[in-house]
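*Asks:* First, the structure itself, so that you have it in front of you.
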Amino acid sequence: MQYALIIREAAEDFARRGDPVYRDGWVAYSKALAQAGIMTGGAGLTGPETGTIVRRKGEEHDVQDGPYPEGKEQLGGFYLIDVPDIDTALEWATRVPISDKGSVEVRPRLQM
1 MQYALIIREA
11 AEDFARRGDP
21 VYRDGWVAYS
31 KALAQAGIMT
41 GGAGLTGPET
51 GTIVRRKGEE
61 HDVQDGPYPE
71 GKEQLGGFYL
81 IDVPDIDTAL
91 EWATRVPISD
101 KGSVEVRPRL
111 QM
């Protein structure tokens, strides 16, 4: 079963991405997923200020350059993993090197 580990980070976490110690934690985690043979995809994302929001307004579309924060956490990236069950996915989620201001959402991939 595939699960997405959806990483949300606080603004301070985006600012820390240049810190080698912070970055090394993410590199080590990514390597652990790869070595376990369960990572099937994923990517880190640039900061929310680089994003653009497209919203449908009836038959029209409204386009707004970022950032467009609606909360304290912003989408920082994701991993797509293939593990036997939700318990294993949650186990890997607890190992994500987020700060105490971030979160990891674990969601099954839609099977079509």
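The opening residue of the sequence shown carries number 1 in full-length UniProt numbering; numbering runs sequentially from there.
Backbone N, C-alpha and C define an ideal beta-carbon position, used for all residues, glycine too.
Computed from a predicted model, the values in this text were never measured in an experiment.
I'd like to check one pair, VAL106 with ALA89: are the Cβ atoms closer than 8 Å?
*Replies:* Walking along the sequence shown from the start, residue 89 turns up at place 89. Walking along the sequence shown from the start, residue 106 turns up at place 106. Contact: yes.
*Asks:* Whole angstroms are fine: how far does the CA of ILE38 sit from the CA of GLY102?
*Replies:* In the sequence shown, counting from the first residue as 1, residue 102 sits at position 102. In the sequence shown, counting from the first residue as 1, residue 38 sits at position 38. GLY102 and ILE38: Cα-Cα distance of roughly 23 Å.
*Asks:* Given THR50, which residues of its chain have a CB within under 7 Å of its CB, disregarding the five upstream and five downstream residues?
*Replies:* Numbered from its first residue, the sequence shown carries residue 50 at position 50. Cβ within range, chain order: GLY66.
*Asks:* Have a look at LEU75, TYR22 and VAL96 and flag the residue whose alpha-carbon is nearest the alpha-carbon of ILE81.
*Replies:* For this step, residue 81 is matched to residue 81 along the sequence shown. Cα-wise, what sits closest to ILE81 is VAL96.
*Asks:* If I follow the unbroken beta strand (DSSP E) through SER99, where does it start and stop?
*Replies:* One-based indexing of the sequence shown puts residue 99 at position 99. If you look at SER99, you'll find it isn't in any beta strand (DSSP E); DSSP assigns it neither H nor E.
*Asks:* In or out: GLU60 buried (at least 16 other Cβ within 10 Å) or exposed?
*Replies:* Taking the first residue of the sequence shown as position 1, residue 60 is located at position 60. With fewer than 16 Cβ atoms within 10 Å of its Cβ, GLU60 is classed as exposed.
*Asks:* Which class does ASP19 belong to by DSSP, given the choice of helix, strand or coil?
*Replies:* The residue you call residue 19 lines up with position 19 of the sequence shown. Coil, per DSSP.
*Asks:* How is GLN111 classed by DSSP in three states: helix, strand or coil?
*Replies:* Along the sequence shown, one-based indexing puts residue 111 at 111. Here GLN111 sits in coil by DSSP.
*Asks:* In terms of alpha-carbon separation, which member of TRP92, ILE86, GLU91 and ASP100 lies closest to PRO108?
*Replies:* Sequence index remark: in the sequence shown, residue 108 carries index 108 (1-based). Taking only the C-alpha atoms, the option nearest PRO108 is ILE86.
*Asks:* Per DSSP, which one or two residues make a beta bridge with ILE81?
*Replies:* Counting from 1 along the sequence shown, the entry for residue 81 is found at position 81. The partner list for ILE81 (beta bridge, DSSP) reads TYR3 and MET39.
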